[in-house]
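One structure is given below, encoded as structure tokens.
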Amino acid sequence: MKMRRNKINNKINTGFNLKSLKGYFLSGMCAVLAVLSIFMTIESATSGAEVSEIQKEQALLMSQQQDLQEALVENLSVNSLQEKSGELGFTKVNNLVYVADSVPVARLPY
669 MKMRRNKINN
679 KINTGFNLKS
689 LKGYFLSGMC
699 AVLAVLSIFM
709 TIESATSGAE
719 VSEIQKEQAL
729 LMSQQQDLQE
739 ALVENLSVNS
749 LQEKSGELGF
759 TKVNNLVYVA
769 DSVPVARLPY
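When we follow the numbering used here, the leftmost residue of the sequence shown carries the number 669, and every step to the right adds one.
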């Protein structure tokens, strides 16, 4: 009987025991967590770069918008409109004639 117990104990010791299984499991979990940590670091760095690029683009667009607003105000000013109308051939009226309301312009024959 002693011989049988020794054989059973030897088989248990040489096979997977509970302590080595826990060790493998914990090592595997640590490896998975390390890989996930590296992945998340890369993702956060990438998203940070994207946010930075979007902020640069936003600043550029805001600058362009301000330039366009300044150009619009400049083009709609009275002096600018007078200059452009002169360039297109329109002149300032010197002799203005008003038509009275009581004078018929066209009338039907009787």
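Beta carbons: idealized from backbone N, C-alpha and C, even for Gly.
F693: first and last residue of the uninterrupted alpha helix (DSSP H) it sits in
L686 to N743
Please classify V765: does DSSP put it in a helix, a strand, or coil?
coil
Close Cβ partners of K687 (< 6 Å) along its chain, the five nearest in sequence each way excluded:
none
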